[in-house]
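Worksheet for the structure shown next.
Number of protein chains: 2
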Amino acid sequence: MTAAQAQGSLDVNGGSGRHASDWNSKLYLKFEAERTRAARDLLARVPYCETRLVFDLGCGPGNSTELLASSFPGAAIVGIDTSDNMLDVARARVPGASFVNADIGDWRPPEGADVIFANASLHFLADHRSAITWLLHALRPGGRLAVQMPNNTHEPSHAAMRMVAADGPWASRLLPIAKSLTVVGQAEEYYDLLAPLCRKVDIWQTVYVHPLDGAGDVVEWFAGSGLRPFLDLLTPAETDEFLARYRERLAQAYPGRPNGKVLLRYPRIFFVLQK
Amino acid sequence: MTAAQAQGSLDVNGGSGRHASDWNSKLYLKFEAERTRAARDLLARVPYCETRLVFDLGCGPGNSTELLASSFPGAAIVGIDTSDNMLDVARARVPGASFVNADIGDWRPPEGADVIFANASLHFLADHRSAITWLLHALRPGGRLAVQMPNNTHEPSHAAMRMVAADGPWASRLLPIAKSLTVVGQAEEYYDLLAPLCRKVDIWQTVYVHPLDGAGDVVEWFAGSGLRPFLDLLTPAETDEFLARYRERLAQAYPGRPNGKVLLRYPRIFFVLQK
Numbered sequence: 008m009t010a011a012q013a014q015g016s017l018d019v020n021g022g023s024g025r026h027a028s029d030w031n032s033k034l035y036l037k038f039e040a041e042r043t044r045a046a047r048d049l050l051a052r053v054p055y056c057e058t059r060l061v062f063d064l065g066c067g068p069g070n071s072t073e074l075l076a077s078s079f080p081g082a083a084i085v086g087i088d089t090s091d092n093m094l095d096v097a098r099a100r101v102p103g104a105s106f107v108n109a110d111i112g113d114w115r116p117p118e119g120a121d122v123i124f125a126n127a128s129l130h131f132l133a134d135h136r137s138a139i140t141w142l143l144h145a146l147r148p149g150g151r152l153a154v155q156m157p158n159n160t161h162e163p164s165h166a167a168m169r170m171v172a173a174d175g176p177w178a179s180r181l182l183p184i185a186k187s188l189t190v191v192g193q194a195e196e197y198y199d200l201l202a203p204l205c206r207k208v209d210i211w212q213t214v215y216v217h218p219l220d221g222a223g224d225v226v227e228w229f230a231g232s233g234l235r236p237f238l239d240l241l242t243p244a245e246t247d248e249f250l251a252r253y254r255e256r257l258a259q260a261y262p263g264r265p266n267g268k269v270l271l272r273y274p275r276i277f278f279v280l281q282k
Numbered sequence: 008m009t010a011a012q013a014q015g016s017l018d019v020n021g022g023s024g025r026h027a028s029d030w031n032s033k034l035y036l037k038f039e040a041e042r043t044r045a046a047r048d049l050l051a052r053v054p055y056c057e058t059r060l061v062f063d064l065g066c067g068p069g070n071s072t073e074l075l076a077s078s079f080p081g082a083a084i085v086g087i088d089t090s091d092n093m094l095d096v097a098r099a100r101v102p103g104a105s106f107v108n109a110d111i112g113d114w115r116p117p118e119g120a121d122v123i124f125a126n127a128s129l130h131f132l133a134d135h136r137s138a139i140t141w142l143l144h145a146l147r148p149g150g151r152l153a154v155q156m157p158n159n160t161h162e163p164s165h166a167a168m169r170m171v172a173a174d175g176p177w178a179s180r181l182l183p184i185a186k187s188l189t190v191v192g193q194a195e196e197y198y199d200l201l202a203p204l205c206r207k208v209d210i211w212q213t214v215y216v217h218p219l220d221g222a223g224d225v226v227e228w229f230a231g232s233g234l235r236p237f238l239d240l241l242t243p244a245e246t247d248e249f250l251a252r253y254r255e256r257l258a259q260a261y262p263g264r265p266n267g268k269v270l271l272r273y274p275r276i277f278f279v280l281q282k
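Chains C and Y, in that order, give the protein sequences.
Here my numbering is used: the first residue of the first sequence is 8, the next is one more, and so on.
Here my numbering is used: the first residue of the second sequence is 8, the next is one more, and so on.
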């Protein structure tokens, strides 16, 4: 048991003991319905095509892979992720799919893929714009690239992350992280980049409004995803302190509604590209 | 042929000669795929329930009614609209459904409806908040109310409408209209209003990004919908002048992309309520 667990605080690394900074699939899946909804909405807009080979980039615990497997029943489905913890869960969940431990920043799909699906993963890359163009290149003509990226840099959740990072004993370690995080662009920018490369570009942005049980839930949501680059650089004691300060700021930024819930606005940008 | 048609300009009233200010189903359906997409996205989030009776409020030319008929094959589907022109098109399109000419501001559903669907219609009412609460009241326990409203008051398209209305020989007629148009609220406001009245509230907002062929298409889009309260008060010659000025402002607000298209951002708010 880690110090953090002994204090009853969040076990942000999954407690597997295998890899200190591996993803925690259990924490990630606490909000499974909410997180999977974006994957579902993205997939609903992928136009039908003859499909033999599908890649799920950043497949995590396999929630998106499972959707792909049921939408493309005859196709080979390959999930790619860097987290062994996530891949173990994904393999158990979608036994018919294959999974590869690889970093989607380095990995290149074989040419001729029919569908490449990247739900909430490309924004972790240093240069997601280039990634989109080389993924398009790998698709067969007529193939589809479907991308969803969280677009919450300007949300209170992320302003609070940056403020806590900048104002603590960890500031010198965390500020470079805060500055390096991807700022997702405007729809018009992606349209101008992608329209010359595809037959069809479908772009939209959705702000989901998730009723959660309180500021603590918002902490857990991001501890399972967006806070990871920060928490990776902290000791267990610092992690506790960071999360306590983060929670305090969130409690102000997300006031309780009359029924006691808080509403987490979560903007996400989507593209479905047809080569 | 009207004066406007003779000049090759937009026939905003459908040219049926039946009713000067009736809706023009042809103009409305020029952007059918784009307009129907919101109805499809709304319907996709309506959870399954035993359904015998479905109302489609503001059914227009039946594009949403057709979706409802294929999603609820055993149910009676009733479309409600005030436009005879729209209802004629809807009847031909969805022969299995029933249609009623009624104003959804006055009309009350019988108690016990299973699904009430209001796609891009409630915002035309003076008080859509009250309408939502009485529609909920009419649903059977466990029934669903699905609502989508355009939320573009603050978009350049609507700022331009107001500016043209305020700056012309028609200002004294059109300004009261501009001031009376519904401003759709924030998700949080609707959540607070609706959560105490339902078992489940699902709220989200989507900004669709529609590539159109130019500012002229944006004019046509709104001439078929949001401009109608303004155009209803203008003579044919004024209509031409109004639309020319509107087009000029839109050409500035929606600059051509490198491929010659313009991108119309179209925000829409959605609720699916489960009683």
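Backbone N, C-alpha and C fix where the C-beta goes; we use that ideal spot for every residue, glycine too.
| said: If the cut-off is 8 Å on Cβ atoms, which residues from the stretch 185–205 of chain C count as contacting chain Y, listed in chain order? | reply: Ala194, Glu195, Tyr198, Asp199, Ala202, Pro203
| task | Please list the partners that C/Ile210 has in chain Y, where partner means a Cβ-to-Cβ separation under 8 Å. | result | Val216
| field | Of the residues C/Arg98, C/Pro54, C/Thr43, C/Ala51, the one placed nearest C/Ser71, counting alpha carbons only | value | C/Thr43
| request: Tell me whether the beta-carbon of C/Leu143 lies closer than 8 Å to the beta-carbon of C/Leu132. | output: no
| query | According to a CB-to-CB cut-off of less than 7 Å, which residues of the stretch 145–165 of chain C neighbour chain Y? | reply | none
| Expected contact under 8 Å - CB spacing of C/Pro236 and C/Ile184 to nearest Å | 5 Å
| Of the residues C/Pro262, C/Glu57, C/Ser128, the one placed nearest Y/Glu196, counting alpha carbons only | C/Pro262
| query | What did DSSP end up calling Y/Asn266 once you bin it into helix, strand or coil? | reply | coil
| message | Below 7 Å on C-beta distance, what does Y/Ala109 contact in chain C? | response | Neighbours of Y/Ala109 on chain C: none; closest Cβ ~32 Å, over 7 Å.
| said: Can you confirm whether C/Ala46, when its beta carbon is compared against all beta carbons of chain Y, has any partner nearer than 8 Å? | reply: no
| task | Label C/Cys56 either buried or exposed according to how many other C-beta atoms from any shown protein chain fall within 10 Å of its C-beta, with 16 as the threshold for buried. | result | Exposed: under 16 other Cβ atoms inside 10 Å.
| field | For C/Pro274 and C/Glu118, believed in contact at Cβ under 8 Å, the rounded distance | value | Actually they do not touch by this definition, with Cβ atoms about 34 Å apart.
| said: Against chain Y, does C/Asn266 count as a neighbour if the rule is that its beta carbon must be under 8 Å from one of theirs? | reply: Output row for C/Asn266: interface = yes.
| request: Please decide whether C/Thr213 counts as near chain Y, where near means a Cβ-Cβ distance under 8 Å. | output: Residue contact with chain Y for C/Thr213: present (Cβ-Cβ distance below 8 Å to some residue of chain Y).
| Hey, is the stretch 227–246 of chain C in contact with the stretch 172–188 of chain Y, meaning 3+ C-beta pairs nearer than 8 Å? | no
| Y/Ala120 CB to nearest chain C CB: under 8 Å? | no
| said: For a cutoff of 8 Å on Cβ pairs, would you count Y/Leu280 as touching chain C? | reply: no
| said: Taking 8 Å as the cut-off, does the stretch 263–273 of chain Y touch the stretch 219–236 of chain Y (at least 3 CB pairs, one atom from each stretch)? | reply: yes
| Any idea which residues DSSP pairs Y/Lys207 with across the strands? | Y/Gln281.
| said: Strictly below 9 Å CB to CB, what residues from chain C border Y/Ala51? | reply: Arg47, Asp48, Ala51
| message | Using only the alpha-carbon positions, how far apart do C/Tyr198 and Y/Ala145 sit? | response | 44 Å
| By Cβ distance below 6 Å, which residues in the same chain neighbour C/His26 in space, the five residues on each side in sequence not counted? | With a pLDDT of 41 at C/His26, under the threshold of 50, the predicted position of this residue should be treated as unreliable, and no value is reported.
| Could you give the distance in angstroms between the alpha-carbon of Y/Leu200 and the alpha-carbon of Y/Ser164? | 29 Å
| Do we get a CB-CB distance below 8 Å when we pair C/Leu270 with the residues of chain Y? | yes
| CB contact check: C/Gly263 to chain Y, cutoff 8 Å | no
| Do you know offhand how far Y/Phe266's Cα is from Y/Gly149's? | The amino acid occupying residue 266 of chain Y in the given sequence is Asn; Phe does not appear at that position. In a straight line, the C-alpha of Y/Asn266 is about 49 Å away from that of Y/Gly149.
| said: Would Y/Gly112 and Y/Ala97 qualify as a contact pair, given that the criterion is a beta-carbon distance under 8 Å? | reply: no
| request: Assign C/Ala40 to one of two classes, buried (16 or more other C-beta atoms within 10 Å of its C-beta) or exposed (fewer than that). | output: Under the 10 Å beta carbon count, C/Ala40 is surrounded by fewer than 16 other beta carbons and is classified as exposed.
| query | Between the C-alpha atoms of C/Glu248 and C/Leu94, what's the straight-line distance to the nearest angstrom? | reply | Each residue's alpha carbon lies about 30 Å from the other.
| task | Could you check the C-alpha separation between Y/Cys205 and Y/Thr140 for me, to the nearest Å? | result | Y/Cys205 and Y/Thr140 have their C-alpha atoms roughly 10 Å apart.
| field | Entirely enclosed alpha helix (DSSP H) segments - the stretch 54–121 of chain C, minimum 4 residues | value | 70–78, 91–100
| field | Among Y/Gln212, Y/Thr189, Y/Arg254, Y/Val101, nearest to Y/Ser77 - alpha-carbon criterion | value | Minimum Cα distance to Y/Ser77 is reached at Y/Val101.
| query | Does DSSP classify Y/Gly149 as helix, strand or coil? | reply | strand
| message | Suppose the cutoff is 7 Å on Cβ atoms and the five residues either side in sequence are ignored; what does the same chain contact list for Y/Arg59 look like? | response | Ala82, Ala83, Asp121
| message | Using only the alpha-carbon positions, how far apart do C/Asp63 and Y/Pro80 sit? | response | 34 Å
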